[in-house]
Every structure is written in C-alpha cells, then in structure tokens.
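Under the working numbering, think of the first position of the sequence shown as 116, with each following residue one higher. These notes are about the structure you will find just below.
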Amino acid sequence: MLLTSSLPLGQLTSRVGHSGIFHNDKVYLFGGFVNSELLVNDLIQVDVSSQKWENKTIHNRGPSARNFHSSCLVKRKSNDCSDEMVIFGGKSNGFHNDVWSYRFDTFEWGLLEPSGDEIITPRYGQSATIYGDYLVVFGGYDDNNSFPSNELFIFNLKSREWKLMELSIELMGRYYHASVLDEETGDWYILGGKSATDLVKDFVKIKLSTLDVKEGTCQSEVLISELDGFAPRFGHSLVLEKSENGKRLYSIGGCNDRIDHLDCIYIDLINIKNGWDVSHTHSLSQTFTSQDVGPVFHTTVPFQATNEDDSIAMNYFVFGGTYHKIDKKKQVNEPTEITIIEPVILRVCHNVEVISTFLKKKFSSTI
C-alpha cells in the first residue's frame, strides 16, 4: 500500500470521469483523468470531518487506470468493516468489463472473476447500483457493438455469474446518463445521457423490486417520454432527498450540444406529471457559481450527518469535473453568445473554508 500522510483537500488533484462512494464518514474516490493527459488508478480517501485526504493506492494491485467506470458500496449485514467497494467497467486504451472488490476490513483489492458462460461486453459510461446480492448495470457504450447499450445486466456477487435481464418496456440505449436508487422502493431512476445520434430526452425507472432472476425479467417504465428543453443533458449527477413532504430528485451540471448546465433541477416523485423544474435556492444550486468544480463529469457523493442539535443534515461532496462547452463567464453574463473553450479540470475545494461551508448544507431545503 502507498503510505501517505493526511493532506489538505486543496492539494488533491482534480479529475474527470472518476467515481466516488461514501463509507464510515469518508469519501472514497477512484480513477479518472487527471491534468488532461493522465489516466490514474489511485484510491483516495477523504475524511469529511477533518477535511484531509490520503492516498490508499496499492501498487501493482487492483483495477487498471480508467475513467467513466462505476463504483458501488456493498453493505454487509455483519459489520461495517466487512463492507466492500465494487468497481466495474470503464475505459482506458480499451474498454473494460472486469469487476473488482475493495474490502474495507483487509484494505485489499480482489478481482471477481465471472464463473458462468454469459459475460457482459466491455463498456463505459454506464450506470450501476447494488440491489440485494446483485451488481446491476444498465446501458453504457458497448465496445463489441460500438453502440450505446440498452441492456440490463445483473452480476451475482456470490456466484459471480452475469445474467442479461429482459425489461418489460424496451428503453433507449444510452451512456453518460445519471441514476439513483430509491432503496425503500427498489425504483432505479435514470435521467438523460447520450444516444447514438442525440441526447436522450426521456426520464425512466427500472423497478428492481420486480427483478425475477429465474425468468430473467424486470419491469421498467417511461415516466416522461419527452423532457423539456433544459432537462436533457449528459455528464450530470443525480441524487434523491426524502423529507416530510415526500421525495425529490435533484440533478446538477451536465451539458448538451451547445452549453454547460450550471443549474440545479428537481422533480417531485409524488407529482412526476409536473415535470422537472429549476431550483434557485437548494444548497446544490450554487455549486458551479460559488465553488471551483466543473459541471460536466464531476461526482456528487451524498451522505448524512448529525448536527449539534441532533437533527439530520444531508451533505454533498462534489468533486472534479470540467467545463466542456462554454466559458463560464460568457455563459453566466451573455447566455446567447457561444464560446467554445478547451476543457479545464477544476476541483470543488481550493481551501478549507470553502469546503467547510459547502459540506454543511441542510437536509430540509426549499425551492
């Protein structure tokens, strides 16, 4: 293992196409594209309390350098120490379809070799989540077919077998989309992304509670078939918040064919028919105007924290990303003028004061 001392967050090199999870008061970041020229396979541990980070990379062990992969937290019922972080897919010089597990009790990587005849094709830009004993993967840019996939695959983490599932409604193939799982209902919400020719303009969900492994089926639903003009995007992030008034999804960043999105959009899950709207007051709405973070291909890692008055706050660690289409000042001040610039990788925090303010956002927010 590469042993490093704890360093200030301002010294953490930013990146694009990385992944992140939250476990035991720490954010874990893996991989990505650094300094516009270097793919990495480093494992970074960020302590959100002390606002320090450490490099936990194990040399010559673990996944190869890559970006646009997926990472998920596998929670074990026995104790938190036996939890795992699972990495799937992504791209470097080629595409990947390998599955790796990082164990928090041994601090070691292990390759989960598939045991069956059916194997998912290499891909990147997919979405993935954990449901029960399964790693669930949807979409991504398929290496074998050179086309955005609309497949739903599951990987049994115990038997290590892949299985292709048939969705009740065929969904459009996509990559660079965003997704979030409602763990209470098993509904997996998917927004945006790119198709082979255009932006994906629907909002869908896959009902993982209906997963029938024996029959190889799962129900899916198109919630909105044609999104409004500002909602279609790719390279964004998506989170779910629950309050006394119900559940909402919030999405920040991303871009379309013309502009980078600096906004925060939301939808009420109890009033989906009302569609997506822009929030100007949610804690995430100022992310790209008050923080050094890029709207495209960043990561947003949510976590809960207890305040001094014992209330629960929903916090977000937003890191990395790039401006993909538009000069930030031009877009804010002159939205009709399109100025293309080279992507510049930015980081969410350049000093402790900024990150401290940013992380302490309340769970109960208004629109």
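A virtual CB, placed ideally from N, CA and C, is assigned to each residue, including glycine. All values derive from a computational prediction rather than experimental measurement.
Span of the beta strand (DSSP E) around residue i
i	result
Y431	427-434
E169	167-170
W391	Where W391 is concerned, there is no enclosing beta strand (DSSP E), given that its DSSP letter is neither H nor E.
P178	No beta strand (DSSP E) holds P178; DSSP gives it neither H nor E.
R218	214-218
S310	Here S310 belongs to no beta strand (DSSP E), and DSSP marks it neither H nor E.
N271	267-271
N156	153-162
Same chain only: Cβ atoms within 7 Å of residue i, ignoring 5 sequence neighbours per side
i	result
N371	L314, P347, R348
S310	P263, M287, G288, R289
L154	F148, A180, R181, N182, S207
Per-residue burial, residue i [other beta carbons within 10 Å of its own, 16 or more giving buried]
i	result
S134	buried
K329	exposed
G205	buried
D419	Strictly speaking, residue 419 in this sequence is Gln, with Asp absent from that position. Burial call: exposed.
K190	exposed
N389	exposed
C-beta atoms of residue i and residue j nearer than 9 Å
i	j	result
K278	G240	no
K362	I380	no
T221	L282	no
S242	S185	yes
L188	V161	no
E299	K320	no
F434	V411	no
W303	F270	no
G132	N182	yes
I367	D383	no
N139	F219	yes
L364	V295	yes
R275	P229	yes
Own chain, CB closer than 6 Å to residue i, minus 5 neighbours either side, in chain order
i	result
I235	N212, F268, W277
Y431	T415, P417
K316	E341, L342, P347
Y291	G240, G308, K309, F349, G350
Residue-chain proximity (residue i, chain C), Cβ-Cβ < 9 Å
i	result
N208	No chain C appears in this structure, which consists of one protein chain only.
Given 8 Å, three or more beta-carbon pairs between the region 170-177 and the region 243-261: no
Is it the case that the region 336-343 contacts the region 355-375, given that we only count it when at least three CB pairs across the two stretches are under 8 Å? no
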